[in-house]
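**Student:** Residue numbers (my numbering): 812 to 1043.
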Amino acid sequence: MTKILSNKNNLQVIYEDNHIIIVNKRAGDIVQGDKTGDKPLSDVVKSYIKDKYNKPGNVYLGVVHRLDRPTTGVVMFAKTSKALPRLNKLFSEKEAKKTYWAIVKNLPPKTKDTLVHWLKKNPKNNKSTAYIKEISEGKKAVLHYTHIKSLDNYHLLEVELETGRHHQIRSQLASIGCPIKGDLKYGFDRSNPDASIHLHARELKFIHPVSNETIHVIAPLPTDAVWEACDD
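1) In chain order, what residues of the same chain lie with their CB nearer than 8 Å to the CB of TYR911, ignoring the 5 residues before and after it?
2) Using C-beta distances below 8 Å, list every residue in its chain close to ASP1005, excluding the 5 sequence neighbours before and after it, in chain order.
3) With DSSP as the reference, label PHE888 as helix, strand or coil.
4) Residue ranges of each beta strand (DSSP E) run of no fewer than 3 residues wholly in the stretch 861-941, ordered along the chain?
5) Among ILE946, HIS955, LYS908, LEU984, which one has its Cα closest to the Cα of LYS923?
6) Can you determine whether any heavy atom of the ligand GTP sits closer than 7 Å to the C-beta of GLU1039, and answer yes or no?
7) Which residue comes first and which comes last in the alpha helix (DSSP H) that contains GLU1039?
8) When you compare only the Cα positions, how much space is there between PRO867 and LYS861?
9) Cβ atoms of LYS931 and GLY949: under 8 Å apart, would you say?
10) Would you kindly check if the distance between the Cβ of SER1002 and the Cβ of GLY786 is under 8 Å?
11) Note down, in chain order, each residue of its chain lying with its Cβ closer than 8 Å to the Cβ of MET812, except the 5 sequence neighbours on either side.
12) When DSSP labels each residue in this structure, what does LYS850 get in the three-state scheme?
13) Using three-state DSSP, classify ASN1023 as helix, strand or coil.
14) Take the Cβ of THR809 as the centre, count every other Cβ of all protein chains shown within 10 Å, and call the residue buried at 16 or more, exposed below.
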């Protein structure tokens, strides 16, 4: 299990060096500023760096990738302008391996499978629809899932993405009758009390863009009875 380096001011840091900082995002946090005007996670991380190192002036921080607001787990930022383009390249060339955990109500049709769909985003309701066949303006989406564990009322799936599409895991799992717990937008029957969904960016593994070392982090699960049952 990854050691938590800092857990102050609602920011859980799970990895940090001169070039990179990785945090365990809480449900409800937005990674980057948007039209809501809510304080983004990027600003929280900047404040953490400024305070920790007594940095004068503005703090540099590059956003490498994002997670949906109700999703939890691994989010990485670049602390230097040297690291950012290299990290962007890692993600664009799919050399960073991300693993997600999803809790669903229904058992999927297969224990292990690859899902291929074409996703079309509707900006009006901020929702993507998954189609089995190629459609106009649809973007190909590929994921691999494995059934890891069954709980009393739910099932834990491990998911690896080949592509990074809008709401990809949420829409693709919903399309096979497995909406994620709490995800009203994609067909789950009720929301979670904290407006989260049970989708967690669990692991991230990549080659450090400066040191060339292999970095492997695991984000601790949220404090929640269902998630805790998965960690037994």
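All C-beta atoms in this analysis are idealised placements derived from N, C-alpha and C, irrespective of residue type, glycine included.
**Tutor:** Short version:
1) GLY884, GLU969, VAL970, GLU971, LEU972, ILE980, LEU1010, HIS1011, ALA1012, ARG1013
2) ALA838, GLY839
3) strand
4) 883-889, 908-915, 923-933
5) HIS955
6) With respect to small molecules bound, the structure shown includes none, and the ligand GTP cannot be examined in it.
7) 1036-1041
8) 7 Å
9) yes
10) In this structure the chain extends from 812 to 1043, so residue 786 is not present and cannot be described.
11) Any answer about MET812 is weak, because its pLDDT of 46 lies below 50 and its placement is not dependable; what the coordinates show is given next. Closer than 8 Å at Cβ, skipping near neighbours: ILE1029, PRO1031.
12) coil
13) coil
14) Only positions 812 to 1043 of the chain appear in the structure, and residue 809 is not among them; the question remains open.
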